[in-house]
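Heads up: take any position in the sequence shown, counting from 1, add 25, and you land on the numbering used here.
All C-beta atoms in this analysis are idealised placements derived from N, C-alpha and C, irrespective of residue type, glycine included.
Notes to accompany the following structure.
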Amino acid sequence: MKRLALITSLALAAGFASAQSVDAEVRKVDTAQGKLTLKHGEIKNLDMPPMTMVFRVANKTMLDGLKAGDKVKVDVDKIDGQYTVVRLARPS
Numbered sequence: 026m027k028r029l030a031l032i033t034s035l036a037l038a039a040g041f042a043s044a045q046s047v048d049a050e051v052r053k054v055d056t057a058q059g060k061l062t063l064k065h066g067e068i069k070n071l072d073m074p075p076m077t078m079v080f081r082v083a084n085k086t087m088l089d090g091l092k093a094g095d096k097v098k099v100d101v102d103k104i105d106g107q108y109t110v111v112r113l114a115r116p117s
């Protein structure tokens with residue numbers, strides 16, 4: 026179990042290393058599926074133009090208290106072949 030936790034932590038850390046912060050607006054929150062629909066700016070590390078799309082979140086607790094219309098700053102990376110929000114910050 027400890028080995029699995031270590032591997033997961035290292036995989037997430039690798040995601041943090043290559044992800045870049047992007048401004049986004051929350052369009053929809055799906056807590057049951059751990060997904061988030063965002064209207065986002067360009068995600069340079071993924072060579073992705075601005076658009077609206079659904080992302081998986083690395084941790085469902087990121088979704089706590091989020092609602093459509095919220096402005097956020099996110100780091101997104103491709104993990105296990107899926108675009109995943111690895112960090113989410115709300116303006117203070």
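Contact check for T109 against V82 passes: the beta carbons are separated by less than 9 Å. For the set K69, G106, M73 and V101, the Cα lying nearest the Cα of A114 is the one of V101.
Note on geometry: alpha-carbon atoms of V51 and K85 lie some 15 Å from one another.
Look at T86 here: in three-state DSSP terms it is helix. Straight across, the Cα-Cα distance linking S117 with I104 is about 28 Å.
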